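Asks: Using the numbering used here, you'd call the opening residue of the sequence shown number 1 and step up by one each time.
For each residue, glycine too, the CB sits at the ideal point set by N, CA and C.
Just so you know, these numbers come straight off a predicted model, no measurement behind them.
Sending over a structure as structure tokens; questions will come in a sec.
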Amino acid sequence: MRSHKNKPFRTVAIAGQCAAAQILLFEELTGSFICDFPDTPLKGVYYYKFNEYLLTCLPPGSPADAAAEYDCVIYLLHPFRLETDLVDALRFSRKAKRFVLLMCRCANQKKKRLPVNLKLLSGALRAEIVLETCHSSKGVNRLLDSIGKLFS
1 MRSHKNKPFR
11 TVAIAGQCAA
21 AQILLFEELT
31 GSFICDFPDT
41 PLKGVYYYKF
51 NEYLLTCLPP
61 GSPADAAAEY
71 DCVIYLLHPF
81 RLETDLVDAL
91 RFSRKAKRFV
101 LLMCRCANQK
111 KKRLPVNLKL
121 LSGALRAEIV
131 LETCHSSKGV
141 NRLLDSIGKL
151 FS
């Protein structure tokens, strides 16, 4: 199977420990509605700037070795679970060909601001960090732009 202008499909995986954030991002990118997270990975397709991407949403707790099968991995990191999820994010970043970290936004983040050094975190993971905004379309567009830069 080939996409527009004989470009090969690009495979992208969504990983992380927060199933709700994974489902929300998958729904925004593919335009499909998901009620419950199944045991098997969710699969879908999205288009961005004349490129077609095959999107797979890995279930929480997936091993980091699964990252080697995909061209790019988006890891969702919740700032209030930073200590527990950081080791898993590091494992995924070492196994993935291309890696982007999406920092999720909390509803009460302005009240409870966690001190996270994004430059240090980006250097340790060797990845670009994208912050999710309160208007989700801005954060998703930044995410898609950073994925597009990785492939060019």
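Please classify Tyr53 as buried or exposed, where buried requires at least 16 neighbouring CB atoms within 10 angstroms.
Replies: Tyr53 should be labelled buried.
Asks: Please say whether Thr30 and Val45 have beta carbons closer to each other than 8 Å?
Replies: Yes, these two residues count as a Cβ contact at 8 Å.
Asks: Would you kindly work out how many angstroms separate the C-alpha atoms of Arg153 and Val130, rounded to a whole number?
Replies: This structure leaves residue 153 out entirely; the chain is present only between 1 and 152.
Asks: Let me know if Ala68 comes out buried or exposed under the rule of 16 or more other beta-carbons within 10 Å of its beta-carbon.
Replies: It is exposed - the Cβ of Ala68 has fewer than 16 other Cβ atoms within 10 Å.
Asks: Using C-beta distances below 7 Å, list every residue in its chain close to Glu83, excluding the 5 sequence neighbours before and after it, in chain order.
Replies: So no residue of the chain qualifies.
Asks: Leaving out the 5 sequence neighbours to the left and right, which residues in its chain are closer than 6 Å to Met1 when beta-carbon positions are compared?
Replies: Residue confidence for Met1 is low, a pLDDT of 49 falling below 50, so the modelled location carries little weight; the figure read from the coordinates is stated next. The answer is none, since no qualifying residue turns up.
Asks: My output table needs one value for Phe92: the three-state DSSP class, helix, strand or coil.
Replies: Helix.
Asks: Excluding the 5 residues preceding and the 5 following Glu27 in the sequence, name in chain order all residues of the same chain whose CB lies nearer than 7 Å to its CB.
Replies: Once the five neighbours on either side are set aside, the close Cβ partners of Glu27 are Phe33 and Ile34.
Asks: Can you name, in chain order, every residue of its own chain whose Cβ lies under 6 Å from the Cβ of Leu118, other than the five neighbours on each side?
Replies: These residues qualify, in order along the chain: Ile129.
Asks: Excluding sequence positions up to five away, which residues of its chain have a Cβ less than 6 Å from the Cβ of Leu144?
Replies: Tyr48.
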